[in-house]
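The structure appears right after this line, and notes come after that.
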Amino acid sequence: MAVDRIRVAILGSTGSVGEQALDVVRGLTDRFEVVALAAGGNVGRLADQAREFHPRALFARPGRDADALRASGVAEWQPLDEMAVRDDVDVVLVATSGLASLRPTIAALRAGKPVAIANKETLVVGGHAVREALEAGRTAGAELRPVDSEHSAIWQCLWGEAPESVDKLILTASGGAFRDYDLAALDAVTATQALAHPTWKMGPKITIDSATLFNKGLEAIEARWLFDVPLDRVEVLQHRESVIHSLVQFRDGSIKAQLGEPDMRL
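In this note's numbering, the protein residues as written are -2 to 263.
Printed below as a string of structure tokens:
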């Protein structure tokens, strides 16, 4: 029996998470259809993706290359806010960095779209507004589905659990490239060393933020808004192997954990 494919819009399709999402689609073409793609400045890569996946809508940051792609007529050119609420989109994947996707995320949720979110800044800066949009669109089907491994792990551990039964959320951290350095050694480290993450393959910005542990601070705030829990009930635990992605401790003392290989495609 034929199954309707899930129609996806990917905001940030040329970044690390966006590329991995498209890799998943390549292996599951019977289950997913790419309807819209948006990128920042990597217009050449966006053009390659458009030729492969044949989306109906595209967007890239304004510039000479973007203007040329738009003029080619390969697909409709559509702003992010409009792309996120298209009638022919079932799920919006927010895989950008920075705040470019705050407004599209809010728009998608208010329109009742499930949003798979891998963008920390949207929740760190606009968490309250995102929660309001989620509640406004919930009856129409709005959902927040975390993509980052730690938050996806917590999301999975919370399935079927009563919110009042949860004691705390525990995010794991590998410790990054400098986890074995003392303070004196940190004075001489280089960007190349910081980019050598011991367990994950990620984009350069998040890899640097992981080396400084700044990323884990953002993730704690992200968890507060994703799961609507006070920040003092979010903890961080160093786990060097990155196999346990996160844990949830319940009021009865029991703990649930999600384990898996360190691969964002999972």
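Every residue, glycine too, gets a C-beta built ideally from N, C-alpha and C.
Small disclaimer: the values here were computed from a predicted structure and weren't measured.
Spatially closest choice to residue i from the options, by CA coordinates
i: R48; options: D64, F29, S69, P59; result: S69
i: A220; options: T169, I241, R262, E158; result: T169
i: V89; options: T136, G24, A35; result: A35
i: V254; options: I151, R42, P227, A130; result: Looking at the sequence provided, one finds Ala at residue 254 rather than Val. Cα-wise, what sits closest to A254 is I151.
i: D84; options: G257, I3, L19; result: I3
i: S239; options: G172, G60, W222; result: G172
i: H125; options: I218, L210, F175; result: I218
i: D264; options: L256, M199, D164, A208; result: What the structure shows of the chain is the stretch from -2 to 263, and residue 264 is not part of that stretch, so it cannot be assessed.
i: V233; options: T102, A193, F211; result: F211
i: A113; options: D179, R237, F247, A6; result: A6
i: D1; options: D27, Q75, L19; result: D27
i: E258; options: W197, G250, E216; result: W197
i: A81; options: A54, A72, R230, R61; result: A54
i: D229; options: H236, R237, G214; result: G214
Local conformation of residue i per DSSP, three classes
i: A191; result: helix
i: M(-2); result: Any reading at M(-2) needs caution, since the residue's pLDDT is 47, under 50, leaving its predicted position unreliable; the model's value is listed next. Coil at M(-2), not helix or strand.
i: L50; result: Sequence inspection shows Phe at residue 50; the Leu mentioned does not correspond to that position. Residue state, collapsed to three classes: helix.
i: E219; result: helix
i: E238; result: coil
i: V5; result: strand
i: S251; result: coil
i: S13; result: helix
i: A68; result: helix
i: R142; result: strand
i: A33; result: strand
i: V245; result: strand
i: F56; result: strand
i: L256; result: strand
i: V231; result: strand
i: T26; result: coil
i: D179; result: coil
i: V226; result: coil
Bounding residues of the beta strand (DSSP E) (the contiguous stretch that carries residue i)
i: D164; result: 163 to 170
i: K198; result: Unbroken run through K198: none, as it is neither H nor E.
Range covered by the alpha helix (DSSP H) that runs through residue i
i: Q153; result: 146 to 155
Min CB distance residue i to chain C below 8 angstroms
i: Y178; result: The structure shown contains no chain C; it is built from a single protein chain.
task: Can you check the stretch 70 to 136 for any alpha helix (DSSP H) of at least 4 residues that lies completely inside it and give the ranges in chain order?
output: Segments of the alpha helix (DSSP H) lying fully in the stretch 70 to 136: 77 to 80, 99 to 107, 117 to 134.
message: I'd like to know if the stretch 138 to 153 and the stretch 231 to 243 are in contact, where contact means that at least 3 CB-CB pairs between them fall below 8 angstroms.
response: yes
field: Meets three-Cβ-pair contact criterion under 8 angstroms: the stretch 115 to 124 and the stretch 90 to 101
entry: yes
query: With contact counted as at least three CB pairs below 8 angstroms, one residue from each stretch, are the stretch 130 to 143 and the stretch 160 to 177 in contact?
result: The answer is no - the stretch 160 to 177 does not touch the stretch 130 to 143, with fewer than three Cβ pairs under 8 angstroms.
field: the stretch 125 to 136 in contact with the stretch 98 to 111 per 3-pair CB rule at 8 angstroms
entry: Judged by Cβ distances under 8 angstroms, the stretch 125 to 136 makes contact with the stretch 98 to 111, as three or more pairs qualify.
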